[in-house]
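Peer 1:
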Amino acid sequence: MVERDEQAPDHLRKLAERIARNVNLLATITLLLGVFFIFLTVFPEVYQRAFVISGPEVVVTDVAPIAVDEGIVNGIHVETGFIVDENWEIVRATCTACHSAKLVTQNHADREGWTKMIRWMQKTQELWDLGDNEPLILDYLAKNYAPQKKGRRARLTNIEWYDLKP
Amino acid sequence: MKKKEPTLSLLERYAIDPIEADRLVFGRESDPVTRRGFLRNAGLSAMAVVLGGSVVFAKEMPAGLLPALLLDGGDEDLLAKLGKDKGLIVLNDKPFNIETPAHLLDDEVTPVSRMFVRNNGLIPTGVDASKWTLTIDGESVERKVSFSLNDLKTKFQHHTYRLVLECGGNGRAEFDPPAEGNQWNVGAVQCAEWTGVRLRDLLEKAGVKKNAIYIGYYGTDTHLSGDPDKVVISRGVPMRKAVEDETLIAFAMNGKDIPEAHGYPLRLVIGGWPASVSGKWLKRIAVRDKVHDGPKMTGDSYKVPIESVEPGTVVPEEKLRIIESMPVKSLITYPKSGASLLPGQKLSVRGHAWAGDLAVKEMHVSIDFGTTWMKASLLPPQNRLAWQRWSAELTLPKKGYYEVWARATDSEGRSQPMVVPGWNAKGYLNNATHRIAVRVK
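Heads up: the protein sequence lines correspond to chains A and B, in order.
Using the numbering used here, you'd call the opening residue of the first sequence number 866 and step up by one each time.
Using the numbering used here, you'd call the opening residue of the second sequence number 29 and step up by one each time.
1) Label A/Pro1031 either buried or exposed according to how many other C-beta atoms from any shown protein chain fall within 10 Å of its C-beta, with 16 as the threshold for buried.
2) In this structure, how does DSSP classify A/Arg957 when only helix, strand and coil are distinguished?
3) Let me see if you follow: with CB-CB separation under 8 Å, is B/Val447 close to chain A or not?
4) For B/Met402, collect the residues of the same chain with a Cβ closer than 6 Å to its Cβ; drop the 5 residues on either side in sequence, then sort them by chain order.
5) Which whole-angstrom value is the C-beta distance of B/Gly196 and B/Ile277, which I expect to be below 8 Å?
6) In the region 350-363 of chain B, which residues sit with their C-beta less than 9 Å from some C-beta in chain A, listed in chain order?
7) At 7 Å on the CB atoms, spell out the chain A contacts of B/Gly366, in chain order.
8) When you compare only the Cα positions, how much space is there between B/Lys318 and B/Tyr330?
9) Per DSSP, what are the beta-bridge partners of B/Tyr245 in this structure?
10) Could you give the DSSP three-state label for A/His964: helix, strand or coil?
11) Hey, how far is the Cα of A/Leu992 from the Cα of B/Leu348?
12) Kindly list the residues whose CB is nearer than 8 Å to the CB of A/Ala929, restricted to its own chain and excluding five residues on each side of it in sequence; keep chain order.
13) Against chain B, does A/Pro991 count as a neighbour if the rule is that its beta carbon must be under 8 Å from one of theirs?
14) Leaving out five residues before and five after B/Val312 in sequence, what residues of the same chain have Cβ atoms less than 8 Å from its Cβ?
15) As an exercise, report each continuous beta strand (DSSP E) stretch of at least 3 residues that is fully enclosed by the region 174-238 of chain B, in chain order.
16) On the three-state DSSP scale, how would you describe B/Pro371?
17) Give the DSSP bridge partners of B/Phe124, in chain order.
18) Among the residues of its own chain, which have a CB less than 7 Å from the CB of B/Asp502, if the five just before and after it don't count?
19) Does the count of Cβ pairs from the region 413-427 of chain B and the region 226-235 of chain B closer than 8 Å reach three?
20) I want to verify the contact list: residues of chain A whose CB lies under 9 Å from the CB of B/Ser253, in sequence order.
21) Does the beta-carbon distance from B/Val447 to A/Arg1018 come in below 8 Å?
22) Which chain A residues are close to B/Gln373, counting only those with a beta carbon under 7 Å from its beta carbon?
23) Since I believe B/Leu413 is in contact with B/Val192 (beta carbons under 8 Å), could you give me their beta-carbon distance rounded to a whole number of angstroms?
24) Would you check if the region 452-461 of chain B and the region 351-370 of chain B touch, i.e. whether three or more CB-CB distances between them fall below 8 Å?
25) With a cut-off of 8 Å on the beta carbons, I'd call B/Glu127 and B/Leu116 a contact; round off their distance for me.
26) What residues from chain A crowd round B/Ala460, counting only those whose CB sits closer than 7 Å?
27) Which same chain residues, not among the five before or five after A/Asn1009, have their C-beta less than 6 Å away from its C-beta?
28) Closest Cβ-Cβ distance between A/Asp875 and chain B: below 8 Å?
29) Evaluate contact between the region 208-219 of chain B and the region 141-148 of chain B, counting only Cβ atoms and requiring at least three cross-stretch pairs below 8 Å.
30) Inspect the CB distances between the region 986-1002 of chain A and the region 955-975 of chain A and report whether three or more fall short of 8 Å.
31) Who are the near neighbours of B/Ala404 in its chain, counting only those whose CB is closer than 7 Å to its CB and skipping five residues on each side?
32) How should B/Val260 be labelled, buried or exposed, when 16 other C-beta atoms within 10 angstroms of its C-beta is the threshold for buried?
33) Are B/Trp382 and B/Gln416 touching if we call contact CB-CB under 8 Å?
34) With H, G and I counted as helix, E and B as strand and the rest as coil, what does DSSP make of B/His290?
35) With a cut-off of 8 Å, does the C-beta of A/Leu1001 fall near any C-beta of chain B?
36) Would you say A/Lys1008 faces chain B, with C-beta separation under 8 Å as the test?
Spelled out as structure tokens, the structure:
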């Protein structure tokens, strides 16, 4: 106990020095990162080559939190109509890069059906390889946009009654 | 007077000058030569922030292409921008796919405001009609020929026809298992009055070789991927359909220039077949020595199984056939579904009927779920391939819920089915009887 008490000031000093070194290191890293991002902004081709072309991971890392004030009402994202559920933002970022969200939300299919649509888009519409996102996207679509049984002829729905003038 | 800038909405800015709008709104400057990408990355991060993610193919994104998410004015703004009635239904805003509810199709000649829109790509911008040309080429022409828009208007005889253009996927929403694509209900159909020259007259100038089988069109719309070299859609018809009297190279619709969304300044118009054969923003027609093989002619596009299949069956491509004439069909355009009547009140119903290449021979209506059918009066078409007006006076015998069903029969005796017909994976050719709900209180 006594020994430790005597050594304490020295020990604390060393600790403080270590912290200072780490803070310096952290600041340097932050500065370097900042310079790196500015570099990417000025030379976007590097960004294109390094991330976009090298792999699909970019789509995951690119899903930024919603930056503008957007509404979610009753579990539906108002601007796009997407059902808000796990991975919906990946689906949004991926699908709406090329087409309207409405093309997704008006359709229903099982996992196999959605896979077929993705393959068709990859074959004919220049959709990229979805990589690790594909199972996540399929999970979301097959769960939230599953087929609805309609039968051979559905009943008339959403009838808005009005008085017909004679 | 100078326009007050701050009063313009984002959509208006893009409508007036998309390139300038990009610069104003996002500080985006695209490459002046290719009109693509983001020069010095100007605007990319601003746009990405607004979109809540990065633009994955920023390099390929065409200038002035309004990101779909930013159509924040909603459907009403889009309809207004395109000159459409606010009652139309936006199925898709990139590309534009807009449906007309049945009760808004009551006009004899469909006005632009009530005309469905089915686009596969993006509407071309900055069209200069004075410099527009149409080229006829392909392996089965004697010589390649080009015509300016003025040549077409001044050197050939004009013809005007009312033609039914119906999307092959009209009625897709009813298929079970569901068919992928825009979920059209009943309103992807229109009958406008088209004026132009006969394709046949132009083909004569080019000289068609004996081995000609098909024609294929090419337009100037932009692919959704932004790739300028990628053809969006290039379909066509066999020679026998191409040389019919009613097959027009049209420069006017309902007596005016063709609206932007419908093909300005030139459109191939072919009545009675899937409307996708009526190529918009027409630049070129190729006369082919084989079945045309442009995008959406091949694979499973606009094709149905040769032999009917159990719903849900996977059908290989070689067992599919290209859709030609559309089947017999009709709509009840008056009254709107949901009409409440007083006891004893007469009910006048009317609508249009059409039958692809054929005419409609008879029209029937039922108010008892198909138990009994009553013959409706039916007028002849204005010209071949136009729709026909039908009407009937009905008496609903007592209080209760009714449905009016309408059923047309074509000149070869084929009628509309009361249930959804032959299932096909892409959901084409649903010509089941149209139904409206009516009640007596």
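No residue lacks a Cβ here, since even glycine has one placed at the ideal position from N, Cα and C.
Peer 2: Looking at the atomic coordinates:
1) Counting Cβ neighbours within 10 Å, A/Pro1031 comes out exposed, since fewer than 16 surround it.
2) DSSP places A/Arg957 within a helical segment (H, G or I) once states are collapsed to three.
3) By this cut-off, B/Val447 is an interface position.
4) Hits under 6 Å: Val393.
5) 22 Å between Cβ atoms; not a contact.
6) Residues of the region 350-363 of chain B whose Cβ lies closer than 9 Å to any Cβ of chain A, in chain order: Pro363.
7) Under the 7 Å cutoff, chain A gives Ile1024, Glu1025, Trp1026, Tyr1027.
8) Going from the Cα of B/Lys318 to the Cα of B/Tyr330 covers about 18 Å.
9) In the DSSP output, where bridge partners are listed per residue, B/Tyr245 has B/Ile313.
10) DSSP places A/His964 in the coil class of the three-state scheme, outside both helix and strand.
11) Rounded to whole angstroms, A/Leu992 to B/Leu348 spans 25 Å at the Cα level.
12) Because the pLDDT at A/Ala929 is just 47, under 50, the model does not fix this residue reliably, and the value given afterwards should be weighed accordingly. Correct list: empty, nothing qualifies.
13) The sequence given here places Glu at residue 991 of chain A; Pro does not occur at that position. Cβ-Cβ to chain B under 8 Å: yes for A/Glu991.
14) It should be noted that the sequence gives Arg, not Val, for residue 312 of chain B. The beta carbon of B/Arg312 lies closer than 8 Å to those of Leu162, Thr163, Ile164, Asp165, Tyr245, Tyr246 in the same chain, with the five residues before and after it left out.
15) Listed in chain order, they are 187-194, 217-226.
16) Assigned with DSSP and collapsed to three states, B/Pro371 falls in coil, not helix or strand.
17) Answer is B/Asp121.
18) No answer is possible for residue 502 of chain B: the residues shown for chain B start at 29 and end at 469.
19) Judged by pairs of C-beta atoms under 8 Å, the region 413-427 of chain B does not touch the region 226-235 of chain B, as fewer than three such pairs exist.
20) Per Cβ cutoff of 9 Å: Cys963, Gln990, Glu991, Leu992.
21) Against a cut-off of 8 Å, the Cβ pair of A/Arg1018 and B/Val447 comes out as a contact.
22) Chain A residues near B/Gln373: Pro1031.
23) B/Val192 to B/Leu413, Cβ: 6 Å. Contact.
24) When C-beta atoms of the region 351-370 of chain B are compared with those of the region 452-461 of chain B, three or more pairs fall below 8 Å, so the two segments count as touching.
25) In this structure B/Glu127 is in contact with B/Leu116, their Cβ atoms being roughly 7 Å apart against a cut-off of 8 Å.
26) Simply Arg1018.
27) For A/Asn1009, same chain residues with a beta-carbon under 6 Å away, outside a window of 5 residues either side, are Ile948, Asp950 in chain order.
28) No, no contact with chain B.
29) Contact between the region 208-219 of chain B and the region 141-148 of chain B is present, because at least three Cβ pairs lie under 8 Å.
30) Segments in contact, yes.
31) Excluding positions up to five away in sequence, the list reads Met391, His392, Val393, Trp418, Ser419, Ala420.
32) By the beta-carbon neighbour count (other beta carbons within 10 angstroms, threshold 16), B/Val260 is buried.
33) For B/Trp382 and B/Gln416, yes; Cβs fall inside 8 Å.
34) The answer is helix: DSSP assigns B/His290 an H, G or I state.
35) At a cut-off of 8 Å, the C-beta of A/Leu1001 has no neighbouring C-beta in chain B.
36) With respect to chain B, the C-beta atom of A/Lys1008 has no partner C-beta closer than 8 Å.
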